[in-house]
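S.K.: In terms of our numbering, the sequence shown opens at residue 16 and continues consecutively. Ideal placement from N, C-alpha and C gives every residue a C-beta, glycine not left out.
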Amino acid sequence: MAKNNKSLKSMLFLAPTLIFLISFSIILFAFDMAINRYTTSRVYEKIDEEFKEYDFFYDEDNADHIVPSSVDEYEFIIPIHSFLIDENNKLLFPDNQWTLQNEYYVAKEVRDYIVEKNINLNDGKIKKITVGDNTYMVQSKKYVGKYDGIFVIKSNMENKDYMLVAYAEITPMQDFVKFLTKILIIVTVISATIGVFAIFIVIRSIDKSLSNVKKYIIGVGKRKKVSVNSDVVHYKEFEEVIETVENMSNMIDESEMIQKKFFQNASHELRTPLMSIQGYAEGLQLGVFKDKDKSLNIIVNEVNKMSELVNQMLQLSKLDDYEMKREVVDLSFEINNCIDSVRSIAVKNNISIDVFPIGNLKILGDEKQLESAFLNILINAVKYAKSKITVTMKKEMENSIIVISDDGIGINEKDIGHIFERFYKGENGNFGIGLAISKEVIERHDGTISVFSKEGEGTTFEIKIPMLTN
Ligand code: ADP
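Below is the structure:
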């Protein structure tokens, strides 16, 4: 497996921290942008109102100085003021006689700054300036007429240029933003600290659980029984991993046991003919047996038996790792072939084989494997039948059904539940491998095999295999 350098722990730590930092920056940026937008639009609106108010008085018909009711004079969030200067930048209004002295000083300060910095006010655009500790947004408008001490009024007699400069003090707004940003940063730092601490605790317990899971898996790998309780594995997911490993370990144990049993059975089956061969061979060597031919015949028979057993064992073990072919097989054709193979022995033993065939029993499968599965059942039937074997083929829903019956000795109750197990054989049995092979092959074809038997009356095997659907 390719090495992965990314550690889960660092990712668990980095990802939330990054998400936290990014979201905080976005919030701060959005907040800043929203406040700026709000301030600018409010300033535009208010300065516009200021000019409108002045326009109202500029018109000489309204010279009675009555403020129109639509004009909102007070603004607390962003206060708007204005001052009037003449062509030589002389501050005309407010002057040092004006009741609101502070307004006069601020106006003077702003005017001085504009003059000193040579800021062009003629383009009518809003400008942001910082005078001392205060920040203002400034816009100007030119009026031509006669100055009456407070306003410039349209006049035919006198036409001088005046400049009304409206300015909004946005310092309180900026201070407010600064204050909120500070609070936001403090809240973020506190919650980030709590968050990091919480993540740290979670990571520590994940780490502990992981190392316990690791210990458990290593133990299982060494085939030791390790018990894990829920105190050391804190999360459901790790418990699931342990459960899966436990199931896997049980499966391995089971397969080891099957293998062990297989070897035990195989050596047991091989020992009997081997001992017989050894006995006769030694007897011959020592000249104990007078009938040499009989002894040699027994030896040859036992060797044949062993070779047959080894063949069957090989066939069985091949099934475990042999990739099954999936080709179209006509079951009725295959069964007829198998019947033909056993017919000569059946005839020799005076056993009739009645076949009730049906055409087109196509399935997807492995021809060779199926052939050996049916042959094993038919060979047994010929071996145990008294006089008759019946083979019936049927279709039932999407299944093909093969029924093989004989009128033989039947299988007793003690044996019937075990005859498909490897190496299980009845009283007159051979090696006990044939039916195990048949069952495994049929199940590999998604089929089932069942047996019905009555002692002294006969045995019936029913095989069901799903048919090929077009
Ligand atoms: P083997 O035939 O080598 O003993 P099998 O796996 O083919 O092994 O069969 C297992 C056992 O099932 C046999 O030993 C026998 O006792 C019983 N058996 C199988 N088929 C029949 C049958 N048609 N009639 C009676 N008994 C049977």
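Taking the beta strand (DSSP E) that Y151 falls in, what are its first and last residues?
M.R.: Run containing Y151: 149-162, per the beta strand (DSSP E) assignment.
S.K.: Going by the beta-carbon positions, is the gap between K161 and S155 smaller than 9 Å?
M.R.: no
S.K.: Tell me, which residues are paired with V343 by DSSP?
M.R.: Paired residue(s): L379.
S.K.: Rounded to whole angstroms, what is the Cα-Cα separation between V86 and L107?
M.R.: Below a pLDDT of 50, predicted positions are generally treated as unreliable, and V86, at 45, falls in that range; the measurement from the model is reported next regardless. If you take the alpha carbons of V86 and L107, they lie about 23 Å apart.
S.K.: Taking 6 Å as the limit between beta carbons, can you name the residues of its chain near K479, skipping five residues before and five after?
M.R.: N414, I416, G462, T463
S.K.: Nearest to S356 by CA position, among V130, E323, V397, is which residue?
M.R.: V397
S.K.: Applying the criterion that 16 or more other CB atoms from any shown protein chain within 10 Å of the CB defines a buried residue, is R437 buried or exposed?
M.R.: Buried, since its Cβ has 16 or more Cβ neighbours within 10 Å.
S.K.: Which residues does DSSP pair with K143 in a beta bridge?
M.R.: M152
S.K.: Quick check for students: name the residue ranges of the alpha helix (DSSP H) that lie wholly in the segment 374-447, counting only runs of 4 or more.
M.R.: 382-399, 428-431
S.K.: Is F446 near the ligand ADP - that is, is its Cβ less than 8 Å away from at least one heavy atom of it?
M.R.: yes
S.K.: Can we count E458 as close to the ligand ADP, meaning its CB is less than 8 Å from some heavy atom?
M.R.: no
S.K.: Taking the beta carbon of K61 as the centre, do at least 16 other beta carbons fall within 10 Å, making it buried, or is it exposed?
M.R.: buried
S.K.: If we call anything under 9 Å between Cβ atoms a contact, is K377 one with G425?
M.R.: Not in contact: K377 and G425 (Cβ atoms no closer than 9 Å).
S.K.: Helix, strand or coil: how does DSSP classify S220 here?
M.R.: helix
S.K.: Leaving aside the five residues before and after N365 along the sequence, list all residues of the same chain whose C-beta is less than 7 Å from its C-beta, in chain order.
M.R.: S402
S.K.: Report the option in V58, L301, V146, E284 whose CA atom is closest to the CA atom of M321.
M.R.: E284
S.K.: Using the DSSP secondary-structure output, state which residues sit across from I452 in a beta bridge.
M.R.: None; I452 has no bridge partner.
S.K.: Give the DSSP-derived three-state secondary structure of L23 in the structure shown.
M.R.: helix
S.K.: Cβ of F278 versus every heavy atom of the ligand ADP: is any distance shorter than 8 Å?
M.R.: no
S.K.: Would you mind reading off the limits of the beta strand (DSSP E) that contains I478?
M.R.: 473-481
S.K.: Please classify Y128: does DSSP put it in a helix, a strand, or coil?
M.R.: helix
S.K.: Under the assumption that A421 contacts G473 (Cβ atoms under 8 Å), give the Cβ distance between them as a whole number of angstroms.
M.R.: Before going further, note that residue 421 is Asp rather than Ala in the sequence given. Distance from D421 to G473 at the Cβ level is roughly 5 Å; contact confirmed, criterion being Cβ atoms closer than 8 Å.
S.K.: With a threshold of 8 Å (Cβ to nearest heavy atom), would E494 be considered close to the ligand ADP?
M.R.: Because the chain spans 16 through 485 in this model, residue 494 falls outside it and cannot be assessed.
S.K.: Apart from the five residues on each side of it in sequence, which residues of its chain come closer than 6 Å, Cβ to Cβ, to F253?
M.R.: S224, V228
S.K.: Should G374 be labelled buried (16 or more other beta-carbon atoms within 10 Å of its own) or exposed?
M.R.: exposed
S.K.: Is the separation between the beta-carbon of I273 and that of S291 shorter than 9 Å?
M.R.: no
S.K.: Report yes or no: do three or more beta-carbon pairs, one from the segment 124-137 and one from the segment 145-155, lie closer than 8 Å?
M.R.: yes
S.K.: Run the CB neighbour count on D499, radius 10 Å, all protein chains shown included, and call it buried at 16 or more, exposed below.
M.R.: One cannot answer for residue 499 here, as it falls past the ends of the chain, which runs 16 to 485.
S.K.: According to DSSP, which residues form a beta bridge with A183?
M.R.: I95, M152
S.K.: From what residue to what residue does the beta strand (DSSP E) around K305 run?
M.R.: Premise fails: K305 is in no beta strand (DSSP E) and is neither H nor E.
S.K.: Have a look at K140, I141, T145, K340 and flag the residue whose alpha-carbon is nearest the alpha-carbon of V121.
M.R.: Measuring from the Cα of V121, the nearest candidate turns out to be T145.
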